[in-house]
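J.: Residue numbering for the sequence shown follows the UniProt record's numbering, starting at 1 and increasing by one per position.
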Amino acid sequence: MLVMIGFNLFFSPLVPLTDALANTWQKQFPLDYGKVRLWGSVAFVIGSALTGKLVSMFDYRVILALLTLGVASMLLGFLIRPTIQPQGASRQQESTGWSAWLALVRQNWRFLACVCLLQGAHAAYYGFSAIYWQAAGYSASAVGYLWSLGVVAEVIIFALSNKLFRRCSARDMLLISAICGVVRWGIMGVTTALPWLIVVQILHCGTFTVCHLAAMRYIAARQGSEVIRLQAVYSAVAMGGSIAIMTVFAGFLYQYLGHGVFWVMALVALPAMFLRPKVVPSC
Numbered sequence: 001m002l003v004m005i006g007f008n009l010f011f012s013p014l015v016p017l018t019d020a021l022a023n024t025w026q027k028q029f030p031l032d033y034g035k036v037r038l039w040g041s042v043a044f045v046i047g048s049a050l051t052g053k054l055v056s057m058f059d060y061r062v063i064l065a066l067l068t069l070g071v072a073s074m075l076l077g078f079l080i081r082p083t084i085q086p087q088g089a090s091r092q093q094e095s096t097g098w099s100a101w102l103a104l105v106r107q108n109w110r111f112l113a114c115v116c117l118l119q120g121a122h123a124a125y126y127g128f129s130a131i132y133w134q135a136a137g138y139s140a141s142a143v144g145y146l147w148s149l150g151v152v153a154e155v156i157i158f159a160l161s162n163k164l165f166r167r168c169s170a171r172d173m174l175l176i177s178a179i180c181g182v183v184r185w186g187i188m189g190v191t192t193a194l195p196w197l198i199v200v201q202i203l204h205c206g207t208f209t210v211c212h213l214a215a216m217r218y219i220a221a222r223q224g225s226e227v228i229r230l231q232a233v234y235s236a237v238a239m240g241g242s243i244a245i246m247t248v249f250a251g252f253l254y255q256y257l258g259h260g261v262f263w264v265m266a267l268v269a270l271p272a273m274f275l276r277p278k279v280v281p282s283c
């Protein structure tokens with residue numbers, strides 16, 4: 001447990017840091033974030049499949065070996081010097097301290113509330129979809145295939161994001177994500193029929209991917225150190241805190257409501273349609 005706590009303590013900040021770096025680079029040269037981000041999803045699928053295979057062949061101890069190998073590979077990757085160095089903005093005229101963070105939250109509270117609702121609505125899916133589907137008669141392998149389908153849909157949207165959403169603002173994309181969320185979680189609360197579960201998993205590209213792309217577009221439109229600060233807040237409260245809090249509530253709701261918990265998640269996503277930031281600067 002101590003090893004995992006230590007690993008996550010140092011590993012978790014890498015995602016917001018790399019996303020902030022990507023947003024900084026987008027201001028320096030044309031960078032298709034979706035095509036960069038999709039490799040994280042591809043690596044997730046490959047890593048999950050490889051880990052499952054090796055654990056079945058050996059035992060759970062192989063997980064620690066894979067973590068060690070992964071960290072070593074990342075350290076080697078960090079030694080590669082980028083061709084274009086990120087250029088930071090001058091900090092002389094920028095305020096620091098808690099006042100700057102509070103001002104950031106006040107200025108962007110609609111955006112933060114919106115993404116917290118959309119990402120937090122995934123809590124029941126992340127925590128209980130496998131249990132729910134297995135209770136409905138699906139095998140563990142079938143559940144794994146369904147989860148993989150969601151990641152495949154995610155990769156496709158990341159790959160095509162620049163073409164698909166070229167004319168969309170972050171506000172428009174958040175609306176798309178909210179609609180997908182209401183539809184997806186509503187379907188999960190109604191049926192476990194395989195054709196509909198396939199639709200549910202394809203909609204993952206709308207509930208997660210489009211929301212994340214909208215967030216990156218919104219954050220990239222900020223100026224100076226606000227990019228890094230807003231990226232940090234987004235990662236902490238939307239990708240971390242909201243999901244953690246909603247998972248606790250989802251546990252109680254699943255115990256008493258069963259599949260009704262997904263209806264609650266649909267209701268959680270619904271207000272995001274109206275909380276979208278009214279004015280979103282274009283990239």
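By construction, the Cβ of each residue, glycine as well, lies at the ideal position given by its N, Cα and C atoms.
If the criterion is Cβ atoms closer than 9 Å, does the pair V45 and S148 meet it?
T.: yes
J.: Would you check if there are 3 or more beta carbon pairs closer than 8 Å linking the region 150 to 166 to the region 205 to 224?
T.: yes
J.: With DSSP collapsed to three states, give me the class of P190.
T.: According to the sequence as given, residue 190 is Val; it is not Pro. Residue state, collapsed to three classes: coil.
J.: Could you tell me whether the region 239 to 251 touches the region 97 to 104, where touching means 3 or more Cβ pairs closer than 8 Å?
T.: no
J.: What's the call for D19, buried or exposed, on a 16-neighbour Cβ count within 10 Å?
T.: Buried, because 16 or more other Cβ atoms sit within 10 Å of the Cβ of D19.
J.: For P271, which option in Q231, A124, G258 and C180 has the closest C-alpha, if you only look at C-alpha atoms?
T.: Residue nearest to P271 within the set Q231, A124, G258 and C180 is C180 (criterion: CA-CA distance).
J.: With 16 as the cutoff for other CB atoms within 10 Å, does S282 come out buried or exposed?
T.: Residue placement at S282 is flagged as unreliable, the pLDDT there being 45, under the threshold of 50; the coordinate-derived value follows with that caveat. S282 comes out exposed.
J.: Around the C-beta of I5, are 16 or more other C-beta atoms found within 10 angstroms, so that it is buried, or is it exposed?
T.: exposed
J.: By the DSSP assignment, the alpha helix (DSSP H) with F78 in it spans what residues?
T.: V62 to F78
J.: For G205, which residues in the same chain have their Cβ closer than 7 Å to its Cβ, ignoring the five residues on either side in sequence?
T.: At residue 205 the sequence reads Cys, which differs from the Gly that was named. Here the set comprises A153, E154, I156 and I157.
J.: What number of angstroms, rounded off, separates the C-alpha of W109 from the C-alpha of R171?
T.: 14 Å
J.: Kindly indicate the opening and closing residues of the alpha helix (DSSP H) around T247.
T.: Per DSSP, T247 belongs to the alpha helix (DSSP H) from S242 to L257.
J.: Where does P281 fall in DSSP's three states?
T.: In this prediction, P281 scores a pLDDT of 45, lower than 50, which makes its location untrustworthy; the coordinate-derived value is nonetheless stated afterwards. In the three-state reduction of the DSSP assignment, P281 falls in the coil class, being assigned neither a helical nor a strand state.
J.: For L117, is the classification buried or exposed, using 16 other Cβ atoms within 10 angstroms of its Cβ as the cut-off for buried?
T.: buried
J.: Using 10 angstroms around the beta-carbon of S73, count the other beta-carbons present and answer buried if the total reaches 16, otherwise exposed.
T.: exposed
J.: For Q92, which residues from the same chain have a beta carbon less than 8 Å from its beta carbon, with the 5 sequence-adjacent residues on both sides left out?
T.: Residue placement at Q92 is flagged as unreliable, the pLDDT there being 49, under the threshold of 50; the coordinate-derived value follows with that caveat. Nothing listed; no residue qualifies.
J.: Would you please state the rounded distance, in angstroms, between the beta carbons of L174 and A214? I believe it to be under 8 Å.
T.: 5 Å
J.: Among Q119, E226 and W196, which residue has its Cα nearest to the Cα of S177?
T.: Q119
J.: Within the same chain, show all residues whose beta-carbon is closer than 7 Å to that of Y254, passing over the 5 residues directly before and after it, in chain order.
T.: A124, F128 and V261
J.: Quick one: give me the first and last residue of the alpha helix (DSSP H) that M239 is part of.
T.: Segment: none, M239 is in no alpha helix (DSSP H) and carries neither H nor E.
J.: Is Q223 buried or exposed, if buried means 16 or more other CB atoms sit within 10 Å of its CB?
T.: exposed
J.: Am I right that V237 and L112 are in contact with their C-beta atoms under 8 Å? What's the rounded C-beta distance?
T.: 6 Å
J.: What residue range is occupied by the uninterrupted alpha helix (DSSP H) comprising R37?
T.: Y33 to M57
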